[in-house]
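Positions 26 to 240 (the working numbering) are the ones given, in order, by the sequence shown.
Below: the structure, in structure tokens.
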Amino acid sequence: MATLVRIAQIETLQGQTTVLHDIDWQQFEAILEDLGEKRASRIAYFDGVLEIQMPLPEHEADKELIGDLIKMLFAYLLMDYECYGSTTFKKQSMPAGIEPDNCFYVQNHHLMIGKTRLDLAVDPPPDLAIEVDLTSRTARSAYVALGVPEIWQYADRQLRIFRLQDGDYVESLDSAIFPQCQVTTAINRCLEICRTKGRGAALRELQAWMGQNLK
Numbered sequence: 026m027a028t029l030v031r032i033a034q035i036e037t038l039q040g041q042t043t044v045l046h047d048i049d050w051q052q053f054e055a056i057l058e059d060l061g062e063k064r065a066s067r068i069a070y071f072d073g074v075l076e077i078q079m080p081l082p083e084h085e086a087d088k089e090l091i092g093d094l095i096k097m098l099f100a101y102l103l104m105d106y107e108c109y110g111s112t113t114f115k116k117q118s119m120p121a122g123i124e125p126d127n128c129f130y131v132q133n134h135h136l137m138i139g140k141t142r143l144d145l146a147v148d149p150p151p152d153l154a155i156e157v158d159l160t161s162r163t164a165r166s167a168y169v170a171l172g173v174p175e176i177w178q179y180a181d182r183q184l185r186i187f188r189l190q191d192g193d194y195v196e197s198l199d200s201a202i203f204p205q206c207q208v209t210t211a212i213n214r215c216l217e218i219c220r221t222k223g224r225g226a227a228l229r230e231l232q233a234w235m236g237q238n239l240k
């Protein structure tokens with residue numbers, strides 16, 4: 026009799042992705058349970074394809090800094106928000122699932138206050154998702170299916186904004202979240218400073234930029 030292999034026994038090395046095909050929704054749910062919540066890997070699921078990615082350490086550093094810079098902008102502009110980090114967003118009717126590097130509710134923040142369990146059958150998707158090195162077609166398709174309005178993608182040392190339009194993501198010079206400024210210019214500058222002068226200098230750079238440009 027053949028022995029079944031649990032998904033938790035399959036190791037995905039840093040910087041690599043494990044791809045599983047012909048995975049139905051019940052199998053997807055079972056794999057999520059087997060993987061557990063306290064893990065470093067990220068998943069993307071769409072139309073029977075499941076990808077399990079293990080980020081590199083620099084990936085985590087970049088996404089944390091971008092998240093901190095966004096929170097500074099929210100605080101300076103007195104904007105309310107709810108941050109849901111790398112929460113698993115899934116919807117059986119699509120079927121799709123995604124775990125962003127970070128995500129924020131802004132327009133819909135008031136609906137998410139105090140929520141500990143999400144159900145996209147009734148809850149809205151996050152207004153903004155952050156992705157470092159988003160190259161997966163499965164992940165992109167999952168975001169479209171779930172209806173996430175805006176993705177900030179950081180790849181090749183550049184932050185780019187993509188907004189959902191007519192069923193696909195289109196690159197945009199501005200953000201619906203921060204329409205009063207070209208925010209990518211400021212954040213790209215801060216990310217570059219972090220590489221040469223450190224995290225503290227990057228945060229101070231954004232503080233100075235906000236004082237000069239968001240009066």
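From the three backbone atoms N, C-alpha and C, an ideal C-beta is built for every residue, glycine too.
Nothing here was measured: the structure is a model prediction, and the numbers come from that model.
Residue i, buried or exposed, once every other Cβ within 10 Å from all chains shown has been counted against 16
i, result
"T28", "Residue confidence for T28 is low, a pLDDT of 49 falling below 50, so the modelled location carries little weight; the figure read from the coordinates is stated next. T28 is exposed by the Cβ-count criterion."
"I95", "buried"
"Q78", "buried"
"N238", "exposed"
"Q178", "buried"
"I35", "exposed"
Residue i versus residue j - alpha carbon distance
i, j, result
"L45", "V74", "6 Å"
"E175", "D144", "20 Å"
"E217", "D59", "39 Å"
"D191", "G172", "11 Å"
"Q183", "S197", "14 Å"
"A86", "L102", "25 Å"
"M97", "E230", "11 Å"
"D93", "A233", "15 Å"
"S118", "V147", "12 Å"
"D47", "S200", "36 Å"
"Y109", "K88", "13 Å"
"V208", "F71", "31 Å"
Sheet register partners of residue i (DSSP bridge)
i, result
"E76", "V44, A69"
"V195", "R188"
"Q183", "A180"
"K116", "A121"
"E230", "BP columns for E230 are empty, so no partner."
"E107", "Y130"
"E175", "L153, R188"
Which of helix, strand or coil DSSP assigns to residue i
i, result
"G122", "strand"
"C128", "strand"
"F203", "coil"
"A27", "Note on A27: pLDDT 48, under 50, position unreliable in the model; no value is reported."
Would you list, in sequence order, the uninterrupted beta strand (DSSP E) runs of no fewer than 3 residues that lie entirely inside the region 141–171? 153–157
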